[in-house]
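Position 551, counted from 1, in the sequence shown is what the UniProt record's numbering calls 551; the numbers after and before it change by one each time, with no gaps.
All C-beta atoms, glycine included, are put in the ideal place defined by N, C-alpha and C.
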Amino acid sequence: MSSSALLRIGDWTVDGSANELWQEGCVRRPLRHKAMATLLLLAEQPGQVVARETLIERVWDGNAFVAQKAINTAIWTIRQALGDDPEAPRYVETIAKKGYRLIAPVQVLARAPAAPALPSGQPATPPSAIAEPQRSGARPWATATLVLLGLAGLLGALSWQARQAPPAPAALHSRWLTQLPGVEFIGQHSPDGRWLAFAWWQGQGDAALVLRSAGGREPPRVLADAQGDVTSLAWLEGGRALAFTALQAGRCRLWRVELQPGAQPRPLADCQPLFTPILAASDDGRQLVFTAPGEGRPGLFALQADGSGLRRLTTAPDPLLPDHQPAFAPDGRRLAFARSQPGEGTRELFELDLAGGSTRRLSTQGLTSLHGLAYTAQGEDLILSTTQLEARMLLRWQRRTGQLQPLGQEGSAPMRERDGRLTVAVLRGSVGLAQWTPGAPGLQALAPALGSRRQPALYEGPAGDALAFVARGSPGFSQLWVAAPAQAEPQERLQLPGEIGQPAWSPDGQRLAFWGRCGRPTGTLALCAWQRSSGTLDVLWQDGQAGGAPTWLDAHTLVFSRPAGASWRAWALTPGSAPRLLPQSPRLRPQARLARGPGGLLWGQGEDGLLRWQPGEPAEPPWPAPRLEAGERVMGWAPHPEAGLWLLSRGRFERLLHQRQPEATAQELARWPLGTLAEFPSLSAGPGRLVLERSGGAQGDLLELR
């Protein structure tokens, strides 16, 4: 079928010439060239099996070596774009050991010659203008936004959605900048437009900082890959060098690297270890702003491009929730940033006058997810990204009205280019649940009909067995699902405003505890308990200060991490009384997860590694990670019901390990191909099985908007 075909496939209109597809009245979705070619080839023979050999020959020009993995990626990309479920397909069906079949009806459509094509990311209805507010001599705004892994992002609950919708945005013109294997999740052009720098995760190890010519005629060149997981980047001094932040072994550092081949990165300062953008540079590349620890008082700090002149700019009201996601205005006089609201689990937009030092609040939106900020070309409004259902979407904060306007375009962590364009990352992926049992082949998918399942809590005890997990609901809501027994069809038990934290079963299997709003549309976070028998939801404790994921110490006592002075410790709560600090609690990482092991031992994430201790007694020395293969690292853990730990690791493969004692060799129980598990998978253990987060695939590409 021609690459310029216009088709109706099921509920979708597919435009091969533009590499786009859309449903009526909905946002247009871009599709990679090879994925579109694969879809068009399947559409040539609807209902017929297309062999992998045919795909290799027709789409990949006979290159079987490249195509073996690329076909899987293309099919996954098609399913993501169509909202198709491989376990219950409505569009693309996998025929084991043969190929693929398009099972939806196909209709060839005639093109309307006079109708202009709508650009990528826009509704099928005519849009209205999105220019900057007009002033004498002002030119219209011409841009929108970019990325980050969040590794642990939560559902966006936006109060603006209940207000009157603003006018639809004007058309955004887009073009792909990268379409590499893996995830390209943050990037920006050099000031002269010759180079594109971006962070690239290829499915294993850490994300690297790479450089490529803007035209893409050369392969990417690695500038830094030994400093840790790159999370932010910024151009310096007219494009002579790059600054970047990287996480390694729980520590964050700010680095500078010159562009010359062979140049080695040079450390500039320590930064705050956050999985969100924390770095920005002024347009002239002479000044950096980043989130730093600040000797126990984290905030935003300014630094000259050569590493000199460190000075504090902001101090957040809550020292455990530092200011982040800075963005310079084009004139270099103002700095926008995100500030967390203590006890509410939300963020707001703030702006700092760099000359006068005054800070003012810009928004009152109650954002619970935020994936980057950027000023518009004239510095009037802000572009931001937040989660809506399964996608990170771009919004525009309007200074004139103080409201948020949807742009109808996917994108994450926006970065403004010097000419006013925006570079954004389009991230696609899903997370589901899977079960592992000894001797079973592979992983068994659980609850496949749901789009997103996270944070499993497995119960096995006197009340039988049950599985609870959290899913995304309608915008601004989260759902609590329970399957009892664990293999049964799950039932939605709660749909609550805001987010639901990691749930924990009581020892009798009758209560689930978690952090959230406990059913209230607004307000501070609280520790909630859902009663299985009655279905009621109670507030166990609320003082405006949240903590780490809870676990039950016994039938009546919950334990969780929360601040005690300048550090985090273990606290206990008996319903009806105030939390109390556990005697001899060790120092824990912020938001550390606690877990109960055999014999009442508590496990937690200490400042120097995993710890175990009996409440009231001194903690044992840190539990060292087992010896792993080169480039392999631990992604997740849970106490083993007999002894030691379950460990999930990622290197050349993703592996499940059992380590019985400190310093002992870990026994490999299972291994899977890279990309099988979520990036930072949660897991819950029973005596003979594990339930863990499985990746539905991950893909990230950079997109230019103007």
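Which same chain residues, not among the five before or five after residue i, have their C-beta less than 8 Å away from its C-beta?
i: Ala638; result: Ala595, Leu645, Trp646, Leu683, Ser684, Ala685, Leu690
i: Gln264; result: Val257
i: Ala664; result: Pro626, Gly644
i: Ala457; result: Leu467, Ala468, Phe469, Gln502, Pro503, Ala504, Trp505, Leu512, Ser684
Determine the burial state of residue i: buried for a count of at least 16 other Cβ atoms within 10 Å of its Cβ, exposed for fewer.
i: Lys34; result: buried
i: His189; result: buried
i: Ser385; result: buried
i: Pro441; result: exposed
i: Gly616; result: exposed
i: Gln48; result: exposed
i: Gln164; result: Residue placement at Gln164 is poorly supported in this model, since its pLDDT is 35, which falls under 50; the coordinates still yield a value, given next. Looking at its Cβ environment, which holds fewer than 16 other Cβ atoms inside 10 Å, Gln164 is exposed.
i: Thr276; result: buried
i: Gly600; result: exposed
i: Ile95; result: exposed
i: Asp381; result: buried
i: Asp306; result: exposed
i: residue 715; result: Because the chain here runs from 1 to 706, residue 715 falls outside it and cannot be looked at.
i: Gln614; result: exposed
i: Ala678; result: buried
i: Arg562; result: buried
i: Pro632; result: Checking the sequence, you will find Glu at residue 632 rather than Pro. Counting Cβ neighbours within 10 Å, Glu632 comes out buried, since at least 16 surround it.
i: Leu692; result: buried
i: Pro485; result: exposed
Once you ignore the five residues that flank residue i on each side, which residues in its own chain have a CB closer than 6 Å to its CB?
i: Arg453; result: Gly432, Leu433, Ala447, Phe469, Ala471
i: Glu586; result: The amino acid at residue 586 is misidentified as Glu; the sequence shows Pro. Cβ within range, chain order: Gly606, Leu611, Ala619.
i: Thr13; result: Trp22
i: Glu417; result: His189
i: Ser17; result: Ser4
i: Asp318; result: Pro342
i: Ala37; result: Val59
i: Leu582; result: Ala570, Ala572, Pro615
Quick one: grab the DSSP three-state call for residue i.
i: Gly501; result: coil
i: Ala327; result: strand
i: Ala74; result: helix
i: Glu654; result: strand
i: residue 714; result: Outside the displayed span of the chain (1 to 706) sits residue 714, for which this structure offers no information.
i: Pro456; result: strand
i: Gln495; result: strand
i: Gln542; result: coil
i: Ala43; result: helix
i: Gly187; result: strand
i: Gly294; result: coil
i: Thr437; result: coil
i: Thr38; result: helix
i: Ala64; result: helix
i: Gln248; result: strand
i: Leu320; result: coil
i: Pro30; result: strand
i: Arg221; result: strand
i: residue 708; result: With the chain represented from 1 up to 706, any question about residue 708 goes unanswered, as that position is not in the structure.
i: Leu598; result: In the sequence as displayed, the identity of residue 598 is Pro instead of Leu. Three-state result, Pro598: helix.
i: Gly239; result: helix
i: Glu617; result: coil
i: Glu53; result: helix
Return the chain-ordered list of same chain residues with a C-beta closer than 7 Å to the C-beta of residue i, the five sequence neighbours on each side being excluded.
i: Gly182; result: Trp200, Trp201, Gln202, Gly203
i: Pro622; result: Gly606, Asp608, Gly609, Leu610, Leu611
i: Gly688; result: Thr437, Pro438
i: Gln272; result: Cys252, Ile278, Thr291, Ala292, Pro293, Pro298, Pro322
i: Arg312; result: Gly294, Gly299, Phe301
Taking DSSP's pairing of strands, which residues face residue i in a bridge?
i: Ser369; result: Answer is none; Ser369 lacks a bridge partner.
i: residue 729; result: With the chain running from 1 to 706 in the structure shown, residue 729 is simply not present.
i: Pro639; result: Leu645
i: Phe469; result: Trp481
i: Tyr375; result: Leu382
i: Arg311; result: Ala302
i: Asp15; result: Leu6, Glu20
The segment 204-221 touching the segment 415-432, judged by at least three CB pairs closer than 8 Å: no
Segment contact flag, the segment 102-112 with the segment 57-73, C-beta cutoff 8 Å, min 3 pairs: no
Touching by the beta-carbon criterion (3+ pairs, under 8 Å), the segment 270-289 and the segment 526-542: no
Any 3 or more C-beta pairs closer than 8 Å across the segment 250-259 and the segment 207-225: yes
The segment 333-340 / the segment 372-386 touching (three or more Cβ pairs under 8 Å): yes
Is there contact here, the segment 544-561 with the segment 579-593, by at least three beta-carbon pairs under 8 Å? yes
Three-pair Cβ contact test at 8 Å for the segment 395-413 versus the segment 213-227: no
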